Amino acid sequence: MSVIAVDASLTRRRLAAILSADVAGYSRLMGEDEEGTLKTLSACRSSIEGCVAKNNGRVVSTAGDSVLAEFPSTVDAVRCALDMQDGIAACNVDLPPARRMEFRMGINLGDVIVEGNDIFGDGVNIAARLQASAEPGAIVVAGAVYDQVRQKLPIAFADLGAQRFKNIADPVRAYRLERAGVEGDPLRAAIKSEPGSTPVTDKPSIAVLPFQNMSGDAEQEYFVDGIVEDVITELSRYPDLFVIARNSTFTYKGRAVDIKQVGRELGVRYVVEGSARKAGNRVRITVQLIDAGKGHHLWAERFERDLADVFAVQDEITQMIVAALPGRVEAAQTELAKRKPPQEMAAYDYLLRAKDYHHKRSKDDNFKAQEMIEKAIERDPDYAEAHAWRACILGQSWAQGYGVTTKDLADESERMARTLETLGANDFECHRLLAALHLYFFRNLERAQFHQEQAYALVPNDPRVLSQQGELLTWLGRPLEAIEWVERALSLDPSEANRRAGYLAQAQFCARDYERAIQTYRRVSPLRAPHHAFIAASHAMLGRAAEADSHIREAIRLNARLTVREMLTNAPFANQSDADHLHDACLKAGLPSGDA
Numbered sequence: 226m227s228v229i230a231v232d233a234s235l236t237r238r239r240l241a242a243i244l245s246a247d248v249a250g251y252s253r254l255m256g257e258d259e260e261g262t263l264k265t266l267s268a269c270r271s272s273i274e275g276c277v278a279k280n281n282g283r284v285v286s287t288a289g290d291s292v293l294a295e296f297p298s299t300v301d302a303v304r305c306a307l308d309m310q311d312g313i314a315a316c317n318v319d320l321p322p323a324r325r326m327e328f329r330m331g332i333n334l335g336d337v338i339v340e341g342n343d344i345f346g347d348g349v350n351i352a353a354r355l356q357a358s359a360e361p362g363a364i365v366v367a368g369a370v371y372d373q374v375r376q377k378l379p380i381a382f383a384d385l386g387a388q389r390f391k392n393i394a395d396p397v398r399a400y401r402l403e404r405a406g407v408e409g410d411p412l413r414a415a416i417k418s419e420p421g422s423t424p425v426t427d428k429p430s431i432a433v434l435p436f437q438n439m440s441g442d443a444e445q446e447y448f449v450d451g452i453v454e455d456v457i458t459e460l461s462r463y464p465d466l467f468v469i470a471r472n473s474t475f476t477y478k479g480r481a482v483d484i485k486q487v488g489r490e491l492g493v494r495y496v497v498e499g500s501a502r503k504a505g506n507r508v509r510i511t512v513q514l515i516d517a518g519k520g521h522h523l524w525a526e527r528f529e530r531d532l533a534d535v536f537a538v539q540d541e542i543t544q545m546i547v548a549a550l551p552g553r554v555e556a557a558q559t560e561l562a563k564r565k566p567p568q569e570m571a572a573y574d575y576l577l578r579a580k581d582y583h584h585k586r587s588k589d590d591n592f593k594a595q596e597m598i599e600k601a602i603e604r605d606p607d608y609a610e611a612h613a614w615r616a617c618i619l620g621q622s623w624a625q626g627y628g629v630t631t632k633d634l635a636d637e638s639e640r641m642a643r644t645l646e647t648l649g650a651n652d653f654e655c656h657r658l659l660a661a662l663h664l665y666f667f668r669n670l671e672r673a674q675f676h677q678e679q680a681y682a683l684v685p686n687d688p689r690v691l692s693q694q695g696e697l698l699t700w701l702g703r704p705l706e707a708i709e710w711v712e713r714a715l716s717l718d719p720s721e722a723n724r725r726a727g728y729l730a731q732a733q734f735c736a737r738d739y740e741r742a743i744q745t746y747r748r749v750s751p752l753r754a755p756h757h758a759f760i761a762a763s764h765a766m767l768g769r770a771a772e773a774d775s776h777i778r779e780a781i782r783l784n785a786r787l788t789v790r791e792m793l794t795n796a797p798f799a800n801q802s803d804a805d806h807l808h809d810a811c812l813k814a815g816l817p818s819g820d821a
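The sequence shown runs 226 to 821 under our numbering.
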C-alpha cells in the first residue's frame with residue numbers, strides 16, 4: 226500500500242472571529258452616481274481599516290464593495306463592527322438620505338483554512354450569509370459569537386432564531402445587535418430623526434412593552450411575560466420589521482410610561498402594549514398597537530380563552546397577536562407612503578404601494594402594482610422581497626386574466642426563480658413564491674415542498690404560509706391535513722376568509738366531503754369559473770344533476786374556454802387517482818372534456 230505525503234505547511238487551520246460586510250444597495254448607488262459613490266466608499270474603507278487595526282484585527286480582502294476581516298477575539302470583532310458603523314455614520318453625515326452608504330455586517334466564530342493571506346471554509350461562508358441577512362446599517366452575529374460576548378459588552382440582542390442558509394448544512398442561530406438608549410450608537414443612528422420627533426427607520430420599527438398583569442395574582446406574572454417574550458421573538462422573524470429586543474423593552478416593566486417618550490428613547494415608530502386578567506379558569510388578554518409619534522391607537526384586540534392548558538393558551542394567543550400585528554403595522558406604513566411625493570419614495574415605500582394595489586385585485590390596480598414594484602426594484606435591485614412580490618403580482622395578472630399569459634409567465638418564471646434563489650435564502654416571501662413557482666410552473670413537487678418548509682421555518686405564524694401549506698397538501702393527496710392548515714390560517718386572519726375559503730373547499734372536495742365543499746364555496750367572493758366547476762362536480766357526485774348543470778352553465782359563461790383538460794392542467798396532483806377523481810366528477814357534471 227502506498228502512502229501519499231501531504232505538506233501540512235501549505236494549509237493551516239485556526240479558530241477566528243470573522244467579520245463580513247458589504248454596502249446595501251451598492252448597484253443602485255453606482256448606477257446613480259459612480260464618482261460620488263466611489264468617493265464615499267473610499268472614505269468608509271479608510272475608516273473601516275482604521276477600526277480593524279485598532280481592534281487587533283486583520284483585513285483579509287476588500288473586493289468590490291465588500292470587506293472581510295478576521296480577529297483573534299469575538300469581543301474585538303463586535304467592538305470593531307460597532308466602531309465601523311460609527312465611522313460609516315460620520316462619512317454619511319453630509320449626504321442626502323438617498324446617497325448615504327449603509328453597510329450590512331455579519332460576524333461568525335469558526336474554524337478557517339488559511340492559505341497565504343486568504344481565509345476559507347464554512348466559518349467564512351456563514352459570516353457572509355449572516356451579513357447578507359442583515360438589514361442596512363445592522364449587525365447580525367452567530368449564536369457562537371452571542372454566547373461569547375453577551376455578558377461582556379453593554380449591548381442587547383434580538384433573537385432571530387435558527388436560520389437556514391444556502392449551502393450551509395445545519396441551521397445557524399442568529400442575533401441582531403442593539404444598544405437601545407446608548408448615545409451615539411450607530412444602530413440607533415439609522416433610526417433617529419429630528420430632536421423631539423419619533424425616530425424611524427426605512428422599515429417599520431416596533432417595541433413590545435411588558436404587559437400588565439391585572440389579575441392580582443403574582444404567580445401569573447410568568448404567563449404574561451412569556452406571551453410578551455414569544456411575541457417579540459416571533460415578530461423578529463419578519464424581515465420587514467425592526468423589533469427591539471426584550472432586554473431593552475423589559476426595562477419599562479412595572480413603570481408608568483409615556484408612549485411618545487418610549488418611542489423617542491427606543492427609536493421606534495410603533496409601540497405594542499397590553500394587559501392580562503385571569504378570573505377563575507378564564508384569561509383575557511388585551512393588545513393595542515400605538516403610533517408612538519402621535520400617541521394614536523391604530524388597532525386593539527381582545528383575546529379570551531379557557532385556561533385548561535396554560536401553555537397551549539399562551540401559544541395560541543401569541544400566534545394570533547403575531548398573525549395580526551405585521552399586517553396592521555404594514556397598513557399604517559402604507560398610509561404614510563401614500564402621503565409621500567413620488568420623488569421622495571424609497572424602495573420600501575414603493576413596495577408598500579405595490580402591495581396595496583395588488584390587494585385590491587382589479588385589472589387597473591394590478592397594472593399600477595406592476596409599475597410600483599418595478600420602481601422598488603429600480604431603487605434597490607438586490608431587494609429580495611420586492612422580487613418576491615413582483616412574482617406574486619405577475620401571478621395575479623396571470624391567474625385573473627389581466628394580461629400576463631401562461632407563455633409570458635412561463636418565459637419569465639425561470640429568471641424569477643433564479644433571482645429569488647440568489648437573493649432570498651433568508652426571506653420567507655421568496656421561499657413562499659418559489660414554492661408556488663415550482664408547484665404550478667415547474668411541476669416539481671419536491672422543490673415546492675422544500676421551499677414551503679423553508680418559508681414555514683422562517684415565519685411559522687404567517688397566515689399566507691399556513692394557507693399555502695394547505696394548498697400544497699391538497700395536491701400531494703393529503704386533503705384532511707390540508708383542511709387543518711387552511712382552517713388555522715382562517716382563524717388567524719379572518720379578513721381573507723372570502724379568498725382562502727376556496728382553498729378549504731378544494732381540499733374538502735378532494736377529501737370527498739362534497740356537501741361541506743359546496744357550503745364552503747358559498748363563502749368565496751367573487752366566485753370564478755373554476756369555483757363553479759368544483760361546485761358543479763360536487764353536486765354531480767351527490768346525484769344532483771340540475772344543480773350541477775346550473776353551475777356548469779355559469780362557469781362557461783365566465784370562461785367559454787373552460788374544459789376538463791384545463792381544470793386538470795391547473796391542478797398539479799401528485800397522485801393519478803386524485804386527477805382521475807376530478808376528471809370523472811367534472812365530466813359527470815357536464816363540463817366539456819376539451820379532448821380533440
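Glycine is no exception: its CB is placed at the ideal position from the N, C-alpha and C atoms. As the structure is a prediction and not an experimental result, all values here were calculated from the model.
Start-to-end residues for the beta strand (DSSP E) that takes in residue i
i: residue 526; result: 521-531
i: residue 717; result: Per DSSP, residue 717 belongs to no beta strand (DSSP E); it is in the alpha helix (DSSP H), 704-717.
i: residue 358; result: Here residue 358 belongs to no beta strand (DSSP E); instead the alpha helix (DSSP H) covers 347-358.
i: residue 400; result: 397-403
i: residue 335; result: 328-340
i: residue 668; result: Taken as a continuous stretch (DSSP letters only), residue 668 belongs to no beta strand (DSSP E), as it is neither H nor E.
i: residue 286; result: 283-286
i: residue 364; result: 364-367
N-terminal and C-terminal residue of the alpha helix (DSSP H) that residue i is part of
i: residue 295; result: Element bounds for residue 295: not the alpha helix (DSSP H) but the beta strand (DSSP E), 292-296.
i: residue 634; result: 631-648
i: residue 592; result: 588-604
i: residue 486; result: 484-491
i: residue 580; result: 572-585
i: residue 688; result: 688-700
Beta carbon of residue i nearer than 9 Å to that of residue j
i: residue 493; j: residue 457; result: no
i: residue 616; j: residue 658; result: yes
i: residue 740; j: residue 767; result: yes
i: residue 793; j: residue 753; result: no
i: residue 276; j: residue 309; result: yes
i: residue 790; j: residue 819; result: yes
i: residue 799; j: residue 702; result: yes
i: residue 383; j: residue 398; result: no
i: residue 337; j: residue 241; result: yes
i: residue 704; j: residue 736; result: yes
i: residue 561; j: residue 574; result: yes
i: residue 525; j: residue 512; result: yes
i: residue 431; j: residue 554; result: yes
Residue i (DSSP reduced to helix, strand or coil)
i: residue 416; result: At residue 416 the pLDDT is 36, less than 50, meaning the model places this residue with poor confidence and gives no usable figure here.
i: residue 478; result: coil
i: residue 411; result: Interpretation of residue 411 is limited by its pLDDT of 39, a score under 50 that renders its predicted location unreliable; the figure taken from the coordinates is listed afterwards. Residue state, collapsed to three classes: helix.
i: residue 245; result: strand
i: residue 469; result: coil
i: residue 385; result: strand
i: residue 819; result: coil
i: residue 343; result: strand
i: residue 437; result: strand
i: residue 430; result: strand
i: residue 375; result: coil
i: residue 267; result: helix
i: residue 322; result: helix
i: residue 768; result: coil
i: residue 463; result: coil
Opposing strand residues paired with residue i [DSSP bridges]
i: residue 733; result: Partner(s): none; residue 733 has no beta bridge.
i: residue 503; result: 508
i: residue 743; result: BP columns for residue 743 are empty, so no partner.
i: residue 513; result: 498 and 525
i: residue 240; result: 336
- Message: With three or more beta-carbon pairs closer than 8 Å as the criterion, would you say the region 672-679 touches the region 706-720?
- Response: Between the region 672-679 and the region 706-720, the count of Cβ pairs shorter than 8 Å is below three; the stretches do not touch.
- request: Examine the Cβ distances between the region 350-365 and the region 327-337 and report whether three or more of them are shorter than 8 Å.
  value: Contact between the region 350-365 and the region 327-337 is present, because at least three Cβ pairs lie under 8 Å.
- [ ] Determine contact between the region 457-467 and the region 507-526, defined as no fewer than three beta-carbon pairs at a distance below 8 Å.
- [x] Output reads no: the region 507-526 does not touch the region 457-467.
Notebook entry, point to check: Is the region 595-614 touching the region 244-254 in the sense that three or more CB pairs, one from each, lie closer than 8 Å?
Noted result: The region 244-254 is in contact with the region 595-614.
- Meets three-Cβ-pair contact criterion under 8 Å: the region 366-385 and the region 268-288: The region 366-385 makes no contact with the region 268-288; the number of CB pairs closer than 8 Å stays below 3.
Review point. Is the number of C-beta pairs between the region 361-380 and the region 253-270 that are closer than 8 Å three or more?
Key: In this structure the region 361-380 does not lie against the region 253-270, because fewer than three pairs of beta carbons, one per stretch, are closer than 8 Å.
For the region 465-484 against the region 688-698, are there 3 or more C-beta pairs whose distance is under 8 Å?
These segments do not touch.
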